[in-house]
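K.L.:
Next up is a structure, given as structure tokens.
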Amino acid sequence: MRSKARTELEKVILPFWLEHGIDPGHGGFHTCFDNRGRTLASTDKYTWSQGRFVWLLARAAGLADRGRLDVDAAALVRHAEAGAAFLARHAIRDDAACHFVTATDGTPATGPNGETRSVYADCFVVMGLAELAAVTAEPGWLELAEPILARAAHDIGDGTAPTPPYDVPPGFVAFGPRMILLNTLLVHAEARQRLGALPEPDRDRLSAALDVMLTHRLPDGTFVEMRPDDPDLDETLVARHRVPGHALEGLWVALHTAELIGRPDVVPDLLASVAPLCASAWDETHGGLFRYVDRAAPAAPRGRDSGTPYERLLARTWDTKLWWVHTEAAYTTALAAHRYDDGGAREWFDRIWGYTLHTFPGGADGAEWIQIRDRAGRPLDEVVALPVKDPFHIARNLLQLVELEAQP
Numbered sequence: 000m001r002s003k004a005r006t007e008l009e010k011v012i013l014p015f016w017l018e019h020g021i022d023p024g025h026g027g028f029h030t031c032f033d034n035r036g037r038t039l040a041s042t043d044k045y046t047w048s049q050g051r052f053v054w055l056l057a058r059a060a061g062l063a064d065r066g067r068l069d070v071d072a073a074a075l076v077r078h079a080e081a082g083a084a085f086l087a088r089h090a091i092r093d094d095a096a097c098h099f100v101t102a103t104d105g106t107p108a109t110g111p112n113g114e115t116r117s118v119y120a121d122c123f124v125v126m127g128l129a130e131l132a133a134v135t136a137e138p139g140w141l142e143l144a145e146p147i148l149a150r151a152a153h154d155i156g157d158g159t160a161p162t163p164p165y166d167v168p169p170g171f172v173a174f175g176p177r178m179i180l181l182n183t184l185l186v187h188a189e190a191r192q193r194l195g196a197l198p199e200p201d202r203d204r205l206s207a208a209l210d211v212m213l214t215h216r217l218p219d220g221t222f223v224e225m226r227p228d229d230p231d232l233d234e235t236l237v238a239r240h241r242v243p244g245h246a247l248e249g250l251w252v253a254l255h256t257a258e259l260i261g262r263p264d265v266v267p268d269l270l271a272s273v274a275p276l277c278a279s280a281w282d283e284t285h286g287g288l289f290r291y292v293d294r295a296a297p298a299a300p301r302g303r304d305s306g307t308p309y310e311r312l313l314a315r316t317w318d319t320k321l322w323w324v325h326t327e328a329a330y331t332t333a334l335a336a337h338r339y340d341d342g343g344a345r346e347w348f349d350r351i352w353g354y355t356l357h358t359f360p361g362g363a364d365g366a367e368w369i370q371i372r373d374r375a376g377r378p379l380d381e382v383v384a385l386p387v388k389d390p391f392h393i394a395r396n397l398l399q400l401v402e403l404e405a406q407p
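This is the structure:
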């Protein structure tokens, strides 16, 4: 596991992004490549991906410093600092939120549907700045992130946070913002701890966010993605659909949080969710994990359809096989198997990791990994979420696998 993850990072993933993603002229990063990584379709800079790119570079530099990656740590830090400076100059607004997208020179722009802000972009900027602060021991980056984190947490808490590219349908409470907030608080807290100590209020905030995220866990171990406010909405398509990849990502975030703040009480339920979530999404015909499923079976979501864009997305793309679903699931199952000696998780890791390595690396069909696939695993040249090639999930989870294998 470790050798393959490390090889992919050193030989495929990082070389692609370091060669093609760095903008030495304006700062920031190019990420608007097509699915095959062969064409730069736009030089726009989506803040979502800019923050993620800073995180990737900073985290990889930290592993290189510890001898776990054979890459130039100093160069990675320089690129990360340049990216963070671009964010500080151009992406962070005076109201402690971030522009959704900028032109290549940093001029604020709007998204394809007029978007000006997404709380997800805000959170990824915080993650990038926090990881950079940790690896450079420069608290100024963390101080820059604090107001953004405070506003994101407030807006998610009171239900006013904008969530492009996918709006939450009226009448529902979404899992996604709560999971991403917990992840952001975790990265921020880890940076605070590495820079000195983790204050008790930060621990309390993490604990509260963990409990809120876990309100989406159901007795069968699965998670509801969109929880209806009104029981009359329970048989709608929005209420019935599940996003197992999101929930599996949330599991490792919750496990890391529990370890950091000392919450062993939640660990048994988290581990008990691994197998049900994997089984709820597994495609017995072609292998791999479906993007969306119905709550009753790993099949097309069903239920009353009110015709929202999100419901059209569910119906059209439920059976696609996506990069992030598989790498996040691979890390969660590896974590449960390696650190908690969970035999069922180990079996799921072997199955998911094998499928991932067989399916997603580009090889002769494209550069880096081909992130978007159809049900049978064939390249699907479509846009998912944003018109970017994601520099984050694959690299993050491979880095985590390398770190995990280095632990006793």
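Start counting the sequence shown at 0; every next residue gets the next number (numbering that gives the first Met the number 0).
C-beta: ideal position from N, C-alpha, C; glycine also.
(1) Opposite residue 222 in the DSSP bridges: which residues?
(2) Pull up the DSSP beta-bridge partners for residue 173, would you.
(3) Residue 123 to residue 183, Cα distance in whole Å?
(4) Which of helix, strand or coil does DSSP assign to residue 107?
(5) Judging by CA-CA distance, which residue of 370, 24, 276 is the nearest neighbour of residue 12?
(6) With contact counted as at least three CB pairs below 8 Å, one residue from each stretch, are the segment 374 to 394 and the segment 275 to 287 in contact?
(7) Tell me the rounded alpha-carbon separation between residue 135 and residue 245.
(8) Taking only the alpha-carbon atoms, compute the straight-line gap between residue 366 and residue 15 and give it to the nearest angstrom.
(9) Quick one: measure Cβ to Cβ for residue 406 and residue 330, integer angstroms, because I've assumed they're closer than 8 Å.
(10) Taking the alpha-carbon positions, what's the residue 409 to residue 32 distance?
(11) Pick out the complete alpha helix (DSSP H) segments inside the segment 312 to 365, 4 residues or longer, and give them in chain order.
(12) Report the three-state DSSP secondary structure of residue 39 (helix, strand or coil).
(13) In its own chain, which residues sit with a C-beta less than 7 Å from the C-beta of residue 70, not counting the 5 before and 5 after it?
(14) Per the DSSP calculation, residue 423 is bridged to which residue(s)?
(15) Taking a contact to mean a Cβ-Cβ separation below 7 Å, would you say residue 236 touches residue 302 in this structure?
(16) Would residue 411 and residue 114 be called neighbours here (beta carbons separated by less than 7 Å)?
(17) Leaving out five residues before and five after residue 233 in sequence, what residues of the same chain have Cβ atoms less than 7 Å from its Cβ?
(18) If you reduce the DSSP assignment to three classes, tell me which class residue 194 lands in.
(19) Flag this pair as yes or no: are the beta carbons of residue 129 and residue 141 separated by less than 7 Å?
(20) Pull up the distance between the alpha-carbon of residue 222 and that of residue 67, whole angstroms please.
(21) Three-state secondary structure (DSSP) at residue 85?
(22) Going by beta carbon distance, what residues of the same chain come within less than 7 Å of residue 39, once the five residues before and after it are set aside?
(23) Could you check whether the segment 261 to 271 touches the segment 284 to 300, counting it as contact only if at least three pairs of C-beta atoms, one from each stretch, sit closer than 8 Å?
(24) Examine the Cβ distances between the segment 251 to 258 and the segment 193 to 202 and report whether three or more of them are shorter than 8 Å.
(25) Given a cut-off of 7 Å on the beta-carbon distance, is the pair residue 53 and residue 131 in contact?
(26) Would you report the Cα separation of residue 309 and residue 95, rounded to the nearest angstrom?
(27) Using DSSP bridges, identify the partner residues of residue 240.
(28) From the DSSP output, in three-state form, read off residue 378 for me.
(29) Residue 36 and residue 388 look like a contact to me (Cβ under 8 Å); what is the Cβ gap, rounded to whole Å?
(30) For residue 77, does the three-state DSSP call read helix, strand or coil?
(31) Please work out which residues of its chain come closer than 6 Å, Cβ to Cβ, to residue 107, disregarding the five sequence neighbours upstream and downstream, and give them in chain order.
(32) Buried or exposed: residue 2, going by 16 or more other Cβ atoms within 10 Å of its Cβ?
(33) Is it the case that the Cβ atoms of residue 350 and residue 336 are separated by a distance below 7 Å?
P.N.:
So, to answer that:
(1) Within the sequence shown, numbered from 1, the residue matching residue 222 stands at position 223. DSSP lists 216 as partners of residue 222.
(2) Position 174 of the sequence shown holds residue 173. Answer is 225, bridged to residue 173.
(3) Residue 123 sits at position 124 when you count from the first residue of the sequence shown. Residue 183 sits at position 184 when you count from the first residue of the sequence shown. Taking the straight line joining both Cα atoms gives about 7 Å.
(4) Translated into positions along the sequence shown, residue 107 becomes position 108. Strand.
(5) As a first step, residue 12 is located in the sequence shown; it is residue number 13 there, counting from the start. Nearest C-alpha to residue 12: 370.
(6) Yes: the two stretches touch, three or more of their Cβ pairs being nearer than 8 Å.
(7) Taking the first residue of the sequence shown as position 1, residue 135 is located at position 136. Taking the first residue of the sequence shown as position 1, residue 245 is located at position 246. Residue 135 and residue 245: Cα-Cα distance of roughly 31 Å.
(8) On the sequence shown, residue 366 is found 367 positions in, with the first residue counted as 1. On the sequence shown, residue 15 is found 16 positions in, with the first residue counted as 1. Distance between the alpha carbons of residue 366 and residue 15 is about 7 Å.
(9) One-based indexing of the sequence shown puts residue 406 at position 407. One-based indexing of the sequence shown puts residue 330 at position 331. No, residue 406 and residue 330 are not in contact; Cβ-Cβ is about 13 Å, not under 8 Å.
(10) Nothing can be reported for residue 409, as the shown portion of the chain is limited to 0 through 407.
(11) 322 to 339, 342 to 358
(12) Working through the sequence shown from its first residue, we reach residue 39 at position 40. Residue 39: strand per DSSP, three-state reduction.
(13) Walking along the sequence shown from the start, residue 70 turns up at place 71. Cβ within range, chain order: 9, 13, 59, 63.
(14) This structure gives no information on residue 423, because the portion of the chain shown stretches from 0 to 407.
(15) The sequence position of residue 236 within the sequence shown is 237, counting from 1. The sequence position of residue 302 within the sequence shown is 303, counting from 1. It is a contact, given that the beta carbons lie within the stated cut-off.
(16) Residue coverage of the chain in this structure runs from 0 to 407, which leaves residue 411 outside it and unanswerable.
(17) The count along the sequence shown starts at 1 and reaches residue 233 at position 234. Same-chain partners within the cutoff: 227.
(18) Translated into positions along the sequence shown, residue 194 becomes position 195. In the three-state reduction of the DSSP assignment, residue 194 falls in the helix class.
(19) Within the sequence shown, residue 129 is the residue found at index 130, counting from 1. Within the sequence shown, residue 141 is the residue found at index 142, counting from 1. Yes, the pair counts as a contact, with Cβ atoms nearer than the cut-off.
(20) Here residue 222 corresponds to residue number 223 of the sequence shown, with the count starting at 1. Here residue 67 corresponds to residue number 68 of the sequence shown, with the count starting at 1. Near 34 Å, if we compare the C-alpha coordinates of residue 67 and residue 222.
(21) Counting from 1 along the sequence shown, the entry for residue 85 is found at position 86. Residue 85: helix per DSSP, three-state reduction.
(22) Here residue 39 refers to the residue found at position 40 when the sequence shown is read from its first residue. So the qualifying residues of the chain are 29, 31, 32.
(23) no
(24) no
(25) Working through the sequence shown from its first residue, we reach residue 53 at position 54. Working through the sequence shown from its first residue, we reach residue 131 at position 132. In contact: residue 53 and residue 131 (Cβ atoms closer than 7 Å).
(26) Numbered from 1 along the sequence shown, position 310 holds the residue referred to as residue 309. Numbered from 1 along the sequence shown, position 96 holds the residue referred to as residue 95. About 28 Å.
(27) Indexing the sequence shown from 1 puts residue 240 at position 241. For residue 240, which the question treats as bridged, DSSP gives the partners 293.
(28) Numbered from 1 along the sequence shown, position 379 holds the residue referred to as residue 378. Three-state DSSP puts residue 378 in a strand.
(29) Residue 36 sits at position 37 when you count from the first residue of the sequence shown. Residue 388 sits at position 389 when you count from the first residue of the sequence shown. With 8 Å as the limit, residue 36 and residue 388 qualify as a contact, their Cβ atoms being about 6 Å apart.
(30) Locating residue 77 in the sequence shown gives position 78, where the first residue counts as 1. In the structure shown, residue 77 falls within a helical segment according to DSSP collapsed to helix, strand and coil.
(31) Along the sequence shown, one-based indexing puts residue 107 at 108. Here the set comprises 98, 101.
(32) What you label residue 2 is simply residue 3 of the sequence shown in a count that begins at 1. Under this definition residue 2 is an exposed residue.
(33) Residue 350 sits at position 351 when you count from the first residue of the sequence shown. Residue 336 sits at position 337 when you count from the first residue of the sequence shown. Not in contact: residue 350 and residue 336 (Cβ atoms no closer than 7 Å).
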